[in-house]
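Colleague: I'd like to ask some things about the structure below.
Number of protein chains: 2
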Amino acid sequence: MYNFEFQNPVKIIFGKGEISKTGKNIPVGAKILLTYGGGSIFKNGVYDQVKASVEGFEVIEFGGIEPNPHYETLMKAVEIVKKENITFLLSVGGGSVLDGTKFIAAAARYAKGDPWRILSMRAPVLDAVPIGAVLTLPATGSEMNASSVITRAEYQEKLAFMSPLVMPFFSILDPEVIFSLPEKQVSNGIVDSFVHVIEQYLTFPVNSPIQDRFAEGILKTLTEEGPKVLANRLDYDSAANLMWSSTMALNGLIGSGVPQDWATHMIGHELTAFHGIDHARTLAIVLPGIMHIMREQKQAKIIQLGERVWGITDGSANERINRTIKMTAGFFESVGIPTRLSAYQVGAETIDRICDRFTKRGYKIGEKANIGPGEIRLILEDRL
Amino acid sequence: MYNFEFQNPVKIIFGKGEISKTGKNIPVGAKILLTYGGGSIFKNGVYDQVKASVEGFEVIEFGGIEPNPHYETLMKAVEIVKKENITFLLSVGGGSVLDGTKFIAAAARYAKGDPWRILSMRAPVLDAVPIGAVLTLPATGSEMNASSVITRAEYQEKLAFMSPLVMPFFSILDPEVIFSLPEKQVSNGIVDSFVHVIEQYLTFPVNSPIQDRFAEGILKTLTEEGPKVLANRLDYDSAANLMWSSTMALNGLIGSGVPQDWATHMIGHELTAFHGIDHARTLAIVLPGIMHIMREQKQAKIIQLGERVWGITDGSANERINRTIKMTAGFFESVGIPTRLSAYQVGAETIDRICDRFTKRGYKIGEKANIGPGEIRLILEDRL
Chain A
44 MYNFEFQNPV KIIFGKGEIS KTGKNIPVGA KILLTYGGGS IFKNGVYDQV KASVEGFEVI
104 EFGGIEPNPH YETLMKAVEI VKKENITFLL SVGGGSVLDG TKFIAAAARY AKGDPWRILS
164 MRAPVLDAVP IGAVLTLPAT GSEMNASSVI TRAEYQEKLA FMSPLVMPFF SILDPEVIFS
224 LPEKQVSNGI VDSFVHVIEQ YLTFPVNSPI QDRFAEGILK TLTEEGPKVL ANRLDYDSAA
284 NLMWSSTMAL NGLIGSGVPQ DWATHMIGHE LTAFHGIDHA RTLAIVLPGI MHIMREQKQA
344 KIIQLGERVW GITDGSANER INRTIKMTAG FFESVGIPTR LSAYQVGAET IDRICDRFTK
404 RGYKIGEKAN IGPGEIRLIL EDRL
Chain B
44 MYNFEFQNPV KIIFGKGEIS KTGKNIPVGA KILLTYGGGS IFKNGVYDQV KASVEGFEVI
104 EFGGIEPNPH YETLMKAVEI VKKENITFLL SVGGGSVLDG TKFIAAAARY AKGDPWRILS
164 MRAPVLDAVP IGAVLTLPAT GSEMNASSVI TRAEYQEKLA FMSPLVMPFF SILDPEVIFS
224 LPEKQVSNGI VDSFVHVIEQ YLTFPVNSPI QDRFAEGILK TLTEEGPKVL ANRLDYDSAA
284 NLMWSSTMAL NGLIGSGVPQ DWATHMIGHE LTAFHGIDHA RTLAIVLPGI MHIMREQKQA
344 KIIQLGERVW GITDGSANER INRTIKMTAG FFESVGIPTR LSAYQVGAET IDRICDRFTK
404 RGYKIGEKAN IGPGEIRLIL EDRL
């Protein structure tokens with residue numbers, strides 16, 4: 044195990060009916076900007092529960108934060124925060140709304156010029172408006188971490204930043220929000236959470252049995268509970284297990300003291316930037332290619348994944364790896380997510396554009412920083 | 044899964060050499076009371092590392108905090124904190140030193156009379172001196188939780204309190220401290236951590252696969268890595284895995300959203316109070332008795348434990364339970380901890396005294412609050 048530091052102060056409030064505790068977790072006298080997305084919260088009852096809970100607070104609303112939240116949209120909220128002297132941001136939505144709210148929190152207090160630098164230059168975040176979150180969709184893990192991913196539409200750029208200052212003070216996770224989710228969002232959430240675990244697990248062994256078993260426990264739970272939620276959206280227990288899996292997948296715990304990859308995400312982000320493909324779907328496309336092309340470097344962990352999650356216990360190393368890749372891609376397909384570029388009408392010309400971008404950036408990715416434009420080409424060609 | 048709240052803001056600093064970061068995690072200008080135990084920190088180099096790191100701070104030392112820390116000892120430290128205007132407590136030791144330091148922290152700021160009430164009446168803790176910890180022994184999990192157990196020698200009482208205000212601001216976990224531990228302390232730590240997990244796991248199913256698999260992951264790791272540490276105290280990787288298991292065993296995570304038992308601890312505390320038996324050893328005595336006497340209530344989880352941790356996959360329910368109890372007690376014995384009262388020269392008269400105490404207290408214990416003096420008698424008689 045590597046040396047590490049781990050600290051995650053987010054207060055998790057989990058379970059049915061808990062949205063009613065929103066207000067009492069916000070500082071008395073706070074002036075709130077309530078951020079949300081496309082408006083599903085008005086249909087599923089979440090908005091009404093939140094509003095009832097924050098009665099007595101001064102609340103301004105800012106809706107329309109899109110999936111892969113746009114810098115351009117968020118900067119409008121930043122203006123409101125400044126003009127209205129907002130002191131608390133309440134994110135009511137999924138990971139995109141929360142990621143966007145994290146950027147609003149940091150950008151509104153950014154004192155050194157254009158806040159775009161927080162993303163483009165990883166300029167340090169020295170202050171942020173406090174955030175609370177009511178989660179409406181299990182997927183990104185943003186509710187219990189310091190990360191945010193933002194898209195700048197005009198540049199077709201999708202970039203991330205991290206700061207402990209944008210971790211929510213509290214996140215309310217009521218699994219009942221899953222009851223009204225469309226199938227596509229549930230599928231995306233399952234795959235997104237699955238690949239979050241994989242990015243922190245499928246690297247090389249460093250003798251870290253706690254981290255490995257926790258990771259495998261989340262993966263196994265996602266493979267068992269995810270399909271149950273798809274089959275019956277009103278199954279509260281399975282919804283709860285999916286939601287908790289999704290949070291545990293990316294709160295820093297399983298990634299502490301172990302190597303991490305994130306190449307699937309970085310390549311996937313480009314597919315979203317160029318084609319607007321849902322984030323989770325890009326991961327489902329890229330991951331099998333990474334497993335195939337990087338199979339030597341990842342051999343021990345792919346075999347361990349096959350054995351402990353998919354029950355593959357015999358065959359040569361190569362056979363086991365092939366079957367593990369097949370089971371993993373098959374799982375994504377089984378929850379309704381195509382894993383080939385062709386299914387999204389994406390062809391070879393996009394591969395050229397993505398490789399160009401990585402060539403310009405000049406750095407390599409993956410747990411050994413050895414995936415460059417050449418490897419990315421092979422990975423994506425494997426997924427045509 | 045039950046509804047739950049989870050928040051654990053402790054900053055974990057994990058790995059070899061990390062004790063050198065002690066000073067830079069303490070507020071500038073703090074006046075420190077450095078608390079420690081019997082003096083092993085002077086022999087294993089930890090004291091020197093800590094002192095080098097806190098150079099420049101004003102530091103007063105308070106040693107002699109005993110295992111099962113005594114109220115009487117701790118109150119002497121409380122006087123020093125008040126008289127010297129101490130603003131930060133630095134616990135350098137194992138779980139007893141840290142539990143004691145937590146009580147010092149709360150008692151020194153207790154404004155409503157005798158601080159004994161914090162323990163005897165669970166009087167609310169409204170303020171506490173900030174704490175940092177350098178851990179020298181993996182066992183209690185105190186480094187990442189809000190709990191403290193204190194003994195009042197004159198009453199032969201061992202009582203607990205909890206408050207988020209006494210959670211350490213940081214805990215430094217350098218697995219190298221294990222290199223010089225005597226065998227007995229390693230054995231105790233393995234069993235203590237194991238039973239912490241069991242108290243949060245071996246109850247009844249509530250459909251909580253994440254919590255179950257995390258718990259099983261810790262148990263399995265303890266059974267694999269514990270013996271390696273006993274066999275070779277200089278095996279850094281195994282020491283690190285044991286240390287991380289021990290912290291994860293009792294930081295609130297695996298117990299969130301599930302029923303908890305704690306009867307083994309509550310009965311075990313009486314054995315320590317009357318006979319001074321090491322805490323972990325009392326747990327090793329009591330747990331097999333709880334598993335046997337409460338086998339109906341715990342049936343599903345005992346069978347799951349047997350299957351997933353001990354590999355017991357066939358036989359009738361009763362056979363599987365018997366084998367699981369045998370494997371569990373056998374594991375404790377295999378790491379050098381006797382599991383029978385007779386091995387500690389404790390006989391039937393102690394059982395009477397313990398049952399008397401529970402009769403006087405008038406409440407029942409266990410995950411269904413159905414273990415009273417009658418059941419406790421059966422449990423302990425099973426362990427003679």
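These protein sequence lines map, in sequence, to chains A and B.
Our numbering puts the first residue of the first sequence at 44, with every later residue one more than the last.
Our numbering puts the first residue of the second sequence at 44, with every later residue one more than the last.
Where a beta carbon is used, it is the ideal one built from N, C-alpha and C, also for glycine.
1) Would you say A:A343 and A:I380 are within 8 Å of each other, going by their C-beta atoms?
2) Have a look at A:E242 and A:D321 and give me their C-alpha separation to the nearest angstrom.
3) Counting C-beta neighbours from all protein chains within 10 Å, is the total for A:F204 16 or more, i.e. buried, or is it exposed?
4) By the criterion of Cβ-Cβ separation under 8 Å, what are the contact partners of A:E267 in chain B?
5) Restricting to Cα atoms, I'd like to know which of B:G260, B:Y244 and B:F212 is closest to A:P52.
6) Mind listing which residues of the segment 225 to 247 of chain B have their C-beta closer than 8 Å to chain A's C-betas, in chain order?
7) My understanding is that B:A171 touches B:E186, with C-beta atoms under 8 Å, so please give their C-beta distance in whole angstroms.
8) Does chain A have any CB closer than 8 Å to the CB of B:I55?
9) Would A:T198 be called buried (16 or more neighbouring beta carbons within 10 Å of its own) or exposed?
10) For A:E424, which residues from the same chain have a beta carbon less than 7 Å from its beta carbon, with the 5 sequence-adjacent residues on both sides left out?
11) Mapping DSSP to helix, strand and coil, what is A:F212?
12) Would you mind telling me which residues of chain A sit closer than 9 Å to B:R256, beta carbon to beta carbon, in chain order?
13) Could you tell me which residues DSSP puts in a beta bridge with A:M205?
14) Counting only runs that start and end within the segment 261 to 349 of chain A, where is the alpha helix (DSSP H) found for 4 or more residues in a row?
15) Per the DSSP calculation, B:S134 is bridged to which residue(s)?
16) From the DSSP output, which residues share a beta bridge with B:K54?
17) What residues of chain A sit near B:P52, judged by a beta carbon separation below 8 Å?
18) Would you mind reading off the limits of the beta strand (DSSP E) that contains B:E101?
19) Starting from the beta carbon of B:D280, find every residue of chain A whose beta carbon is closer than 8 Å, and list them in chain order.
20) Name the residues in the segment 277 to 307 of chain A whose C-beta lies less than 7 Å from a C-beta of chain B; which are they?
21) Are the C-beta atoms of B:G349 and some chain A residue less than 8 Å apart?
22) So with Cβ pairs under 8 Å, would you call A:G58 a contact of chain B?
23) Please look up how many angstroms separate the CB atoms of A:E313 and A:R400, rounded, as I've assumed it's under 8 Å.
24) Among B:N188, B:K64 and B:A274, whose alpha-carbon lies nearest the alpha-carbon of B:E226?
25) Starting from A:H113, follow the alpha helix (DSSP H) in both directions and report where the run begins and ends.
26) Using a Cβ cut-off of 9 Å, which residues of the segment 93 to 120 of chain A contact any Cβ in chain B, in chain order?
27) Quick check on the DSSP output: the alpha helix (DSSP H) that includes A:A73 runs from which residue to which?
28) Using 8 Å for Cβ pairs, my map puts A:I253 next to B:I261. What's the rounded Cβ distance?
29) What is the C-beta distance between A:V378 and A:P270, in whole angstroms, given that I count them as a contact (C-beta under 8 Å)?
30) Per DSSP, what kind of secondary structure is A:I397 in: helix, strand or coil?
31) Give the residues from the segment 343 to 377 of chain A that approach chain B closer than 7 Å (Cβ to any Cβ), ordered along the chain.
32) Could you tell me how far apart the beta carbons of B:A182 and B:G136 are, in whole angstroms, since I believe they sit closer than 8 Å?
33) Does A:R426 come out as helix, strand or coil in the three-state DSSP assignment?
34) So, under 8 Å CB-CB, A:V89 and A:I123 are touching, yes? Tell me the CB distance rounded to an integer number of Å.
35) Assign A:I69 to one of three DSSP states: helix, strand, or coil.
Modeller: Let me lay it out:
1) no
2) 18 Å
3) Per the 10 Å Cβ criterion, buried.
4) Result: P252.
5) B:F212
6) none
7) Rounded, the Cβ-Cβ distance is 16 Å, inconsistent with contact.
8) yes
9) Rather than Thr, the amino acid found at residue 198 of chain A in this sequence is Tyr. Answer is exposed; the Cβ neighbour count stays below 16.
10) I394
11) coil
12) R256, F257, E259, G260, I261, K263 and T264
13) Per DSSP, the beta-bridge partners of A:M205 are A:S190.
14) 279 to 291, 306 to 318 and 322 to 336
15) B:T78 and B:A176
16) B:F213
17) Q50, N51 and P52
18) E101 to F105
19) Near B:D280 (Cβ distances below 8 Å), the residues of chain A are M44 and N250.
20) D280, A283, N284, W287, S288, M291 and G300
21) no
22) By the rule that beta-carbons nearer than 8 Å mark a contact, A:G58 touches chain B.
23) 6 Å
24) B:A274
25) No alpha helix (DSSP H) holds A:H113; DSSP gives it neither H nor E.
26) none
27) Looking at the DSSP string, A:A73 is not in any alpha helix (DSSP H), and its letter there is neither H nor E.
28) Correct: roughly 7 Å between the Cβ atoms.
29) Indeed, because the Cβ distance is near 7 Å, the residues count as touching under 8 Å.
30) The DSSP-derived three-state label of A:I397 is helix.
31) Result list empty, no residue passes.
32) Actually they do not touch by this definition, with Cβ atoms about 11 Å apart.
33) coil
34) 21 Å between Cβ atoms; not a contact.
35) coil
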